[in-house]
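All remarks here apply to the structure that follows.
2 protein chains.
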Amino acid sequence: MATVIRDVTEMQRTAERLRNSGRRLGVVPTMGFLHEGHLALIRTARERSDAVITTIFVNPTQFGPGEDFERYPRDFDRDRSLASSAGTEYIFAPETSAIYPEDYCTYINSERLTTVLEGKSRPGHFRGVTTIVAKLFNITRPHVAVFGQKDAQQVVVVRQLIRDLNFDIELVVVPVVRERDGLAMSSRNAYLTEEQRRQAPVLFHSLKVAEQRMREGESSCARLINEMKELITARSSVVIDYVSIADAASLEELTSIDNRTSILVSLAARFGKTRLIDNVAVTL
Amino acid sequence: MATVIRDVTEMQRTAERLRNSGRRLGVVPTMGFLHEGHLALIRTARERSDAVITTIFVNPTQFGPGEDFERYPRDFDRDRSLASSAGTEYIFAPETSAIYPEDYCTYINSERLTTVLEGKSRPGHFRGVTTIVAKLFNITRPHVAVFGQKDAQQVVVVRQLIRDLNFDIELVVVPVVRERDGLAMSSRNAYLTEEQRRQAPVLFHSLKVAEQRMREGESSCARLINEMKELITARSSVVIDYVSIADAASLEELTSIDNRTSILVSLAARFGKTRLIDNVAVTL
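Quick mapping for you: the protein sequence lines, in order, are chains L and D.
Each residue of the first sequence is one higher than the one before, counting from 32 in my numbering.
Each residue of the second sequence is one higher than the one before, counting from 32 in my numbering.
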């Protein structure tokens with residue numbers, strides 16, 4: 032069973048000791064309520080390092096007002112067991128007050144990349160993400176950090192964070208893990224009603240259709256996006272937040288995919304209060 | 032003679048190697064044009080560590096538009112010689128383009144503490160300071176970082192940065208080093224005309240008078256500040272930017288020093304285009 036560390040200084044001492052003994056550390060930052068997607072990250076970290084630190088922290092600063100911070104699902108005992116069996120050696124699970132003490136005031140902003148897509152729909156979200164990720168890097172001192180492609184924009188922002196702030200950390204990105212019917216695994220899937228759960232795979236289906244149409248030669252992003260929206264709306268009660276076809280590196284919205292080799296097709300949609308995201312990265 | 036490193040990755044590899052061999056690293060971040068104040072920082076770092084890394088980098092992001100970034104004095108060969116003789120083992124002196132590549136976009140903000148005093152007079156200054164300091168920490172990986180009390184607000188902001196972002200670094204603060212007549216050492220003193228240089232010690236003199244008056248029982252900050260301003264204006268051609276009496280930890284401006292034990296009296300003033308700052312920390 033993984034050792035649980037709740038104290039920041041104890042985690043730093045442990046990481047320093049492990050580093051000094053020549054071990055390569057991998058970190059997997061999570062908000063807990065682990066599913067197969069997280070376990071794929073942990074297994075990848077295990078392959079890429081000698082000791083995996085899984086962090087479990089529902090980070091309040093990346094939730095906006097009215098979002099689901101309070102009701103975000105939590106099950107620490109189950110998480111501990113799952114994380115351990117996937118190869119976690121240390122679980123870092125701090126109290127909120129240890130991470131954000133009363134007079135906390137330092138925040139990191141990626142001043143490009145974060146005003147589109149998720150950043151546009153969730154103002155302040157990435158300020159919270161970059162801040163907590165930098166803190167967790169300084170606390171766990173990893174050689175390698177593993178993130179999921181599920182949060183595609185987060186990957187782009189974290190890559191920029193690592194590069195810009197000179198974190199000496201290798202970023203490893205793991206593909207989206209999906210249910211059998213294609214729905215991207217997410218802790219938030221637990222919110223879905225049976226009916227919503229049945230409809231939800233249409234999101235991934237629309238992404239695959241768009242990819243297929245691109246490969247067949249459709250180059251108009253407006254047409255592709257319209258087709259996706261029509262497909263989603265015809266087959267579900269979901270309210271679309273955005274559907275985007277963007278350059279995978281700069282996240283700039285495209286009008287045409289001509290001359291593009293690396294494209295991110297992504298979307299966000301709401302079943303009632305439950306907001307789901309998904310994406311496919313298309314290399315042409 | 033200190034080894035000069037210009038490459039970010041080479042500095043990180045060197046620091047990692049030194050850490051792994053059990054050496055305690057001290058960093059002294061500077062913008063070069065070293066004077067006795069910097070050398071005091073380096074000597075302190077030498078006492079507190081096994082290997083001193085002095086960084087020399089005139090950081091563009093902490094200069095505002097119209098400030099003296101371009102004309103900031105530079106003399107690398109002299110700096111190298113002085114830093115070496117004070118006990119520097121490595122000088123990290125990167126090119127600007129290595130620190131801020133073309134699509135750089137990640138910045139750190141201390142969202143309190145930086146809207147007053149220097150932060151008020153120099154909008155964006157501390158965003159540049161916290162960003163470069165965090166980068167230099169990640170590049171030089173020190174156990175201890177040495178800063179000068181001359182930049183009093185910078186010390187408060189960097190202390191908060193270290194705490195908030197969980198840098199596992201000990202902050203050591205060295206008192207202001209002064210010329211014989213009391214003028215705080217500063218690379219910017221090189222800008223002063225002979226006449227301005229003759230008048231400049233009135234800044235420190237006014238701080239000492241305020242401290243003396245406090246110790247004698249004067250508790251009204253308005254009166255203390257007025258007296259300082261009158262003294263400075265009577266004896267110099269300087270244009271006062273601000274004179275402040277604030278809580279030394281929160282930097283909140285005070286109206287009365289009653290019941291305060293730790294007070295920062297600080298000021299900024301301009302001789303023509305040359306902006307000087309100074310301060311005394313008063314413990315009652």
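Here a beta-carbon is modelled for each residue, glycine too, at the ideal position from N, C-alpha and C.
Inter-residue Cα distance where the pair is residue i and residue j
i	j	result
D/Glu149	L/Ala183	39 angstroms
L/Ser237	L/Leu298	10 angstroms
D/Val205	D/Leu72	6 angstroms
D/Pro91	D/Phe100	6 angstroms
L/Leu65	L/Arg153	23 angstroms
D/Thr119	D/Glu126	20 angstroms
D/Leu223	D/Ser116	27 angstroms
D/Tyr121	L/Asp199	19 angstroms
D/Gln185	D/Leu307	15 angstroms
D/Ile170	L/Glu41	23 angstroms
D/Ile78	D/Gly63	Note on identity: in this sequence residue 78 of chain D is Glu, with Ile being the wrong assignment. Distance between the alpha carbons of D/Glu78 and D/Gly63 is about 21 angstroms.
L/Val313	L/Thr264	23 angstroms
D/Leu262	D/His156	29 angstroms
D/Ser52	D/Gln43	14 angstroms
D/Val240	D/Asn310	12 angstroms
L/Met260	L/Met216	In the sequence as displayed, the identity of residue 260 of chain L is Lys instead of Met. Computed Cα separation, rounded: 21 angstroms.
D/Phe94	D/Gly159	8 angstroms
L/Ala221	L/Arg102	11 angstroms
L/Glu242	L/Arg219	25 angstroms
L/Ala280	D/Glu67	47 angstroms
L/Leu192	D/Glu249	49 angstroms
D/Tyr273	D/Val35	39 angstroms
D/Val188	D/Thr145	7 angstroms
L/Arg228	L/Leu70	22 angstroms
L/Leu255	L/Gly213	20 angstroms
D/Arg109	D/Arg194	35 angstroms
Close Cβ partners of residue i (< 7 angstroms) along its chain, the five nearest in sequence each way excluded
i	result
L/Arg54	Asp81, Ala82
L/Glu283	Ala277
D/Ser270	One point to set straight first is that residue 270 of chain D is Val, not Ser, in the sequence displayed. Closer than 7 angstroms at the Cβ level, and outside the excluded window around D/Val270, lie Ala300, Arg301.
L/Leu49	Leu56, Ala82
Per-residue contacts from residue i into chain D (C-beta, under 8 angstroms)
i	result
L/Leu27	Any property of residue 27 of chain L remains undetermined from this structure, which presents chain L solely from 32 to 315.
Contact set between residue i and chain L, taken where Cβ atoms lie within less than 8 angstroms
i	result
D/Thr13	Beyond the ends of chain D as shown, which are 32 and 315, falls residue 13 of chain D; an answer cannot be given.
Contact set between residue i and chain L, taken where Cβ atoms lie within less than 9 angstroms
i	result
D/Leu192	Thr137
D/Val39	Asn197
D/Asn90	Chain L residues near D/Asn90: none, gap ~14 angstroms exceeds 9 angstroms.
D/Lys166	Asp195, Leu196, Asn197
Sequence-distant residues of its chain with Cβ nearer than 6 angstroms to residue i (five each side left out)
i	result
L/Ser267	Gln230, Val233
L/His174	Arg55, Leu56
D/Ala76	Gly57, Val59, Val83, Val177
D/Met32	Ser115
Chain-order list of residues whose beta-carbon lies under 8 angstroms from that of residue i (same chain, five-residue window excluded)
i	result
L/Leu196	Ile139, Ala165
L/Leu285	Cys252, Ile276, Ala277, Asp278, Arg291, Ile294
L/Phe107	Gly63, Ile87, Ala124
Within chain D, the residues that residue i reaches when beta carbons sit closer than 7 angstroms
i	result
L/Ser318	The requested residue 318 of chain L does not occur in the structure, where chain L is confined to residues 32 to 315.
L/Ala176	Ordered by position in chain D, no residue passes the 7 angstroms Cβ test against L/Ala176, which lies about 14 angstroms from the chain.
L/Asn310	Near L/Asn310 there are no residues of chain D at all, since even the closest Cβ is about 21 angstroms away, more than 7 angstroms.
Short CB-CB distance (under 7 angstroms) between residue i and chain C
i	result
D/Lys260	Considering every chain present, this structure includes no chain C. Its protein chains are L and D.
Residue i: contacting residues in chain L (beta-carbon distance under 7 angstroms)
i	result
D/Gln43	Asp199
D/Ile170	Asn197
Proximal chain D residues relative to residue i, where beta-carbon distance stays under 9 angstroms
i	result
L/Asn51	Arg50, Asn51, Gly53
Residue i: CB within 6 angstroms of a non-hydrogen atom of the ligand SAH
i	result
L/Val189	Ligands are entirely absent from the displayed structure, and the ligand SAH is therefore not among its contents.
Hey, which unbroken runs of the alpha helix (DSSP H) at 4 residues or more fall wholly within the segment 172 to 209 of chain D? 183 to 195
Counting only runs that start and end within the segment 234 to 306 of chain D, where is the beta strand (DSSP E) found for 3 or more residues in a row? Taken in chain order, the complete beta strand (DSSP E) segments of 3 residues or longer contained in the segment 234 to 306 of chain D are 270 to 278, 293 to 302.
Runs of beta strand (DSSP E) wholly within the segment 60 to 118 of chain D (minimum 3 residues, chain order): Those beta strand (DSSP E) runs which fall completely within the segment 60 to 118 of chain D and span 3+ residues are 82 to 87.
Fully enclosed by the segment 128 to 173 of chain D, which alpha helix (DSSP H) runs are 4 residues long or longer? 148 to 152, 156 to 171
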